[in-house]
Each structure stands twice: as C-alpha cells, then as structure tokens.
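What follows is a short report on a single structure.
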Amino acid sequence: MADKPKVAFYWCASCGGCEETVVDLHEDILKVVELVDIALWPVALDFKLKDVKTWQPGEVTVAFINGAIRLSEQEEWVKLLREKCPLVVAFGSCAHLGGIPGLANDKTRREILANKYQRLPTVENPGGTVPQEKCRVDGYELELPGFWKQVKTLDQVIDVDYYLPGCPPPPNLVADAVTAILEGKLPPKGSVLAPEKSLCDACPRKDSKPERLSITEFKRVATSIPDTEECFLAQGYLCMGPATRSGCGERCIQGNMPCRGCFGPTPGSLDQGAKILSTICSVAEADTAEAAADYADTLADPLGTFYRFSLPASLLGGSRREKE
Amino acid sequence: MAEDQFEPKIVAFLCRWCSYTGADLAGTSRTEYPPNVIPIRVMCSGRVDPTFVMKALADGADGVLIAGCHPGDCHYQEGNYKTMRRYPMLLNLLDQFGIERERVRLEWISASEGDLFAAVVKELTETVRALGPLEWNATAPAAAVVESA
Chain X
3 MADKPKVAFY
13 WCASCGGCEE
23 TVVDLHEDIL
33 KVVELVDIAL
43 WPVALDFKLK
53 DVKTWQPGEV
63 TVAFINGAIR
73 LSEQEEWVKL
83 LREKCPLVVA
93 FGSCAHLGGI
103 PGLANDKTRR
113 EILANKYQRL
123 PTVENPGGTV
133 PQEKCRVDGY
143 ELELPGFWKQ
153 VKTLDQVIDV
163 DYYLPGCPPP
173 PNLVADAVTA
183 ILEGKLPPKG
193 SVLAPEKSLC
203 DACPRKDSKP
213 ERLSITEFKR
223 VATSIPDTEE
233 CFLAQGYLCM
243 GPATRSGCGE
253 RCIQGNMPCR
263 GCFGPTPGSL
273 DQGAKILSTI
283 CSVAEADTAE
293 AAADYADTLA
303 DPLGTFYRFS
313 LPASLLGGSR
323 REKE
Chain L
460 MAEDQFEPKI
470 VAFLCRWCSY
480 TGADLAGTSR
490 TEYPPNVIPI
500 RVMCSGRVDP
510 TFVMKALADG
520 ADGVLIAGCH
530 PGDCHYQEGN
540 YKTMRRYPML
550 LNLLDQFGIE
560 RERVRLEWIS
570 ASEGDLFAAV
580 VKELTETVRA
590 LGPLEWNATA
600 PAAAVVESA
C-alpha cells in the first residue's frame with residue numbers, strides 16, 4: 003500500500019460536475035484505486051484542512067483542483083495543496099479559465115451581494131443584512147471566508163503545472179492524464195492535456211461546413227430547432243467550434259447543441275472571445291456599416307456568449323468596475 | 460496646454476497601403492496633430508484581430524484607432540470589409556465590458572488624405588481626453604491577483 007502514489011482532489015467555486023466525471027469512470031475507478039491512493043476528496047471522504055497540514059511535502063504526488071477561486075478559504079486551501087504537492091493540475095473549465103462562476107466578473111461584488119441578499123423577490127431580509135467576514139452572535143465571534151472582488155482562475159492564485167479542460171473534462175482525458183503521471187510521461191509544464199486542433203477539425207458535421215461561410219443573422223436554440231446534420235454556423239447558430247480546443251468528444255454537437263467553448267482557446271490564442279468574434283463577424287452577410295451594425299445586434303449577449311467559460315482568463319478579465 | 464492636463468495614449472493600427480501612407484503624408488506635409496498616437500503598421504486593417512484592440516486597452520491604452528483603405532480600395536479586395544463587419548460587434552462587446560465605445564474608432568483614410576488623418580487624430584485625442592484615463596489595470600480583475608478582500 004505504501005508504494006502507491008497518492009492523489010488529492012479538491013473543489014473550489016464549482017458545481018460538482020467535475021467530481022461527477024471522476025465517478026463517471028465507473029468500474030474503471032477501481033483500476034485507478036488499485037494504482038493510487040486517494041488522500042483527499044471532500045465530496046466523498048472526510049478530510050479536513052488540519053489533516054492536509056500534516057502531510058509531508060511530496061507525500062501526495064498530485065492535486066487535481068477544480069473550480070474557480072473567489073473566497074479567501076479557497077485561496078488558503080489551494081496554496082496549501084501547492085505547497086504539499088509536486089504536481090498541481092487545474093481540473094475543468096472553472097479552474098482552467100474561470101468557467102461559469104467566472105461570468106460573475108460581469109458584475110461588481112456590491113451588485114452581487116445586493117442582488118442576492120436584498121433585491122431578489124424571494125428574499126426576506128428586512129434588515130438588509132449582507133454577509134460579513136466577522137460578526138458577533140450571542141457573545142461569540144463568527145467568521146466567514148472573505149469574498150473577493152473578482153473570480154480568478156487557479157493559475158492567477160497559484161502556480162499550475164497542467165490543465166485538464168472541459169466542463170467537465172471527459173473521462174478518457176482524465177484517464178490519459180493519470181496514466182501519463184503514473185508513467186512519468188508528461189508533456190512540458192504548462193501544457194493543456196488535450197488535442198491542439200480546434201473543435202471544427204474533430205466535428206462530425208465538418209463536411210457540411212461550406213468553403214465560404216456566410217451568416218445573415220444569429221438564431222437561438224431557445225427559439226428554433228437546428229437541423230441535426232448541418233454545420234451550426236452554416237445554419238446561423240453561434241457555435242464556438244472555430245475558437246475552441248477539441249478533445250471533448252463532441253458531446254454537445256451530438257446532442258444537437260452548438261459548441262459553447264468549455265475547452266477554452268486553441269493554442270496561441272490570447273482571448274477566446276475576441277477570436278470567435280473575429281471569425282463569425284468576418285463572414286457576416288453585410289457590406290455596409292449599417293448592415294454590420296444590424297447583424298451585430300442580432301446577437302443578444304456577446305460577452306456571455308463569447309466568454310461563457312473564459313471571462314476571468316480573458317485579456318480584459320471582466321467588466322470595468324467602480325472602485326469599491 | 461495646461462501642464463497637468465491628461466494626455467491620452469492612443470494606439471493606431473494603420474493599414475500599410477492607405478492609412479499608414481496617409482499618416483506619412485500628414486508628416487511630410489508638416490500637418491500638425493497631437494503626439495498622443497502610437498502608430499502600428501499592419502498589412503491590412505483586416506489583420507486587426509479584436510484581440511489586438513483588447514490587448515492594447517488591457518495594457519494601458521486609453522483609446523484605439525483602426526484605419527484602413529476606403530471600402531472598395533482594399534489592396535486585398537475585401538480585408539477592410541472584414542474589419543467593418545467586426546467593428547459593431549466589438550463595440551457591443553466593449554459596452555458590456557464597460558468601455559466607452561468612443562474610445563475605439565474605425566476610419567477609412569486613403570494615402571492622399573493626410574489632412575483627414577490629422578483631423579481624426581485630433582478629434583479622437585480630444586474625445587478620449589474628455590473621457591479620461593481608462594486605467595484598465597487599476598480597475599480590472601487581473602490587477603488584483605493577490606489581494607484578498
């Protein structure tokens with residue numbers, strides 16, 4: 003037993019879907035457990051921060067950390083895991099790029115707290131109380147983790163060795179990563195453990211993508227049903243495929259949903275949103291400034307669409323905010 | 460000019476065939492225009508990826524000028540049309556980022572329009588000066604990487 007490498011799983015601002023992908027290994031998880039010991043996995047095993055503090059540095063080989071970072075508690079955990087583990091893998095879109103929780107960078111902290119605790123019609127909070135880091139209740143001082151102004155990616159908080167992209171990462175990529183770690187066959191530090199080509203290259207519909215795309219306006223999957231065979235862009239649905247890394251197994255496409263971009267930008271791209279903007283607008287059916295403006299207005303929420311998974315990792319990082 | 464007046468930094472992406480030559484003409488004609496513009500020569504305005512604009516704004520520019528050949532005059536036939544199609548979506552996106560759309564301007568300036576180049580630079584400089592510094596790094600999330608409250 004003592005010879006088996008130990009691994010840790012930890013979660014930050016995430017939905018639990020990344021934990022699910024580990025469970026989705028099904029029986030194969032038994033093979034994983036034959037090869038490694040799980041030293042930390044809050045979703046399934048009861049370990050506390052104090053247990054992790056007793057680890058010898060290097061005792062646990064790798065930490066798979068999912069979720070974006072917004073709380074001081076999350077910062078404390080990931081910094082401790084970084085200190086103890088020779089390898090840290092950002093697991094899933096949120097740790098990699100900020101993910102869905104990262105869309106909160108579109109709002110200020112004050113707006114978020116006011117909305118959540120004061121404005122929502124279902125909230126009953128006559129005193130207008132918002133969470134405080136410290137408060138006194140019945141003579142006891144209580145503490146809550148600090149809530150940062152912004153959501154951050156894991157690598158904006160600690161040094162990250164590898165990235166497993168996806169929302170959630172597909173089991174085959176997870177298995178490949180674990181195998182690579184066990185066999186010591188890892189690519190250069192900082193690599194994203196997924197193919198380098200864009201999703202379009204792997205897309206089952208790529209043969210129906212016309213040589214010269216031309217889009218007149220954007221349709222929405224909420225109000226119309228896409229054809230099940232034809233390239234989404236050719237039909238006028240915004241598909242993030244051209245600006246997104248492949249390796250996901252094209253699960254959304256097979257479910258007749260256009261790509262939403264969870265695998266993040268292709269290698270060399272600094273900003274996934276700017277890249278998809280460039281792609282889909284260059285092929286607009288618009289030859290005047292007015293027509294181009296009308297075309298742009300058919301897309302309801304460019305920021306939320308282009309940066310659905312990558313706002314904290316984008317060049318601008320989030321909306322401009324008043325100094326609080 | 461008051462000494463403490465805010466001097467905006469404006470990055471100008473100029474197409475090599477028309478607008479850069481137009482800027483050159485403004486210079487050789489000794490037309491005066493504000494020194495706030497930092498010109499970057501690109502082969503075509505169509506080469507100006509929205510990434511460039513965002514990187515400029517994120518890294519300290521207060522405004523951006525994109526200038527290319529007039530529609531129909533593109534050396535590569537339709538490069539400037541691609542720019543024209545991307546520009547309104549870029550502005551819509553910048554709205555959501557909270558960046559005033561007046562900070563990013565698209566103009567068609569031919570090689571013979573040195574005066575127009577000078578006029579555009581003057582106007583944009585004053586517009587951005589009135590808007591004030593963008594200071595993206597001071598207010599943006601990336602600036603606060605280690606700060607924890």
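Heads up: the protein sequence lines correspond to chains X and L, in order.
Per my numbering, the very first residue in the first sequence carries number 3; after that it's consecutive.
Per my numbering, the very first residue in the second sequence carries number 460; after that it's consecutive.
Every residue, glycine too, gets a C-beta built ideally from N, C-alpha and C.
Predicted model only: the values in this text are computed from it and were never measured.
Within the same chain, and ignoring the five residues on either side of Glu491 of chain L in sequence, the residues whose Cβ sits closer than 8 Å to its Cβ are Ala577. Distance from the CA of Ile497 of chain L to the CA of Ala517 of chain L, rounded to the nearest whole angstrom, comes to 16 Å. In this model, Thr290 of chain X and Thr63 of chain X are separated by some 58 Å (Cα to Cα). According to the DSSP assignment, Leu524 of chain L belongs to no alpha helix (DSSP H) but to the beta strand (DSSP E) extending over Gly522 to Gly527. The contact set of Asp532 of chain L on chain X, defined by CB atoms closer than 7 Å, is empty, because the minimum CB distance reaches about 14 Å. Beyond the five residues adjoining it in sequence on each side, Glu22 of chain X comes within less than 8 Å, by CB distance, of Pro170 in the same chain, given in chain order. Separation of the CB atoms of Asn539 of chain L and Gly527 of chain L is rounded to 4 Å, and the pair is thereby assigned contact status at 8 Å.
With the rule of 3 Cβ pairs closer than 8 Å, the stretch 102–111 of chain X does not count as touching the stretch 121–129 of chain X. Close partners of Ala286 of chain X in chain L (Cβ separation under 7 Å): Arg544. DSSP, reduced to helix, strand and coil, places Glu585 of chain L within a helical segment of the structure shown.
Excluding five sequence positions before and after Tyr479 of chain L, the CB atoms of its chain that fall closer than 6 Å to its own CB belong to Leu473 and Arg500, given in chain order.
In this structure Gly243 of chain X is buried. Its beta-carbon is surrounded by 16 or more other beta-carbon atoms within 10 angstroms.
Here the C-alpha atom of Pro314 of chain X lies approximately 15 Å from the C-alpha atom of Leu553 of chain L.
DSSP, reduced to helix, strand and coil, places Gln237 of chain X within a helical segment of the structure shown. Only residues of its own chain outside the window of five on either side were considered, and among them Gly238, Tyr297 and Thr300 have a CB closer than 7 Å to the CB of Glu219 of chain X, listed in chain order. The beta carbon of Gln555 of chain L sits closer than 8 Å to some beta carbon of chain X. The stretch 127–141 of chain X and the stretch 46–61 of chain X do not touch, with fewer than three beta-carbon pairs separated by less than 8 Å.
The alpha-carbon separation between Ser226 of chain X and Val579 of chain L amounts to approximately 44 Å. With distances taken between CA atoms, Asp161 of chain X lies nearest to X:Ser193 out of X:Phe149, X:Pro133, X:Ser193 and X:Glu143.
With a threshold of 8 Å between beta carbons, Leu279 of chain X makes contact with chain L. Neighbours of Cys205 of chain X in chain L, taken as residues at a C-beta separation under 7 Å, are lacking, since the least C-beta distance is about 23 Å. Taking a C-beta cut-off of 7 Å against chain X, the contacting residues of the stretch 503–514 of chain L are Asp508, Pro509, Thr510, Met513 and Lys514, listed in chain order.
Under DSSP, Arg72 of chain X forms no beta bridge with any residue.
With a cut-off of 8 Å on Cβ pairs, the stretch 249–256 of chain X is in contact with the stretch 183–202 of chain X, counting three or more such pairs.
In the three-state DSSP reduction, Glu292 of chain X falls in the helix class (H, G or I). Interface residue (Cβ-Cβ distance to chain X less than 8 Å): Ala589 of chain L is not classified as such.
Listed in chain order, the non-local C-beta contacts of Pro172 of chain X below 8 Å within the same chain comprise Thr23, Gly249, Cys250, Gly251 and Arg253, local neighbours out to five positions each way being set aside. Listed along chain X, no residue sits closer than 7 Å to Asn539 of chain L by beta-carbon distance, the nearest being about 11 Å off. Counting along the chain, the unbroken alpha helix (DSSP H) around Pro173 of chain X starts and ends at Pro173 to Glu185. Short of 7 Å from the beta carbon of Cys477 of chain L, and not among the five residues preceding or following it, lie these beta carbons of its own chain, in chain order: Gly527, Cys528, Asp532, Ile568, Ser569 and Ala570. One Cα belongs to Pro592 of chain L, the other to Ile558 of chain L, and the distance between them is close to 11 Å. The C-beta of Leu188 of chain X comes no closer than 8 Å to any C-beta of chain L. Assigned with DSSP and collapsed to three states, Asp163 of chain X falls in coil, not helix or strand.
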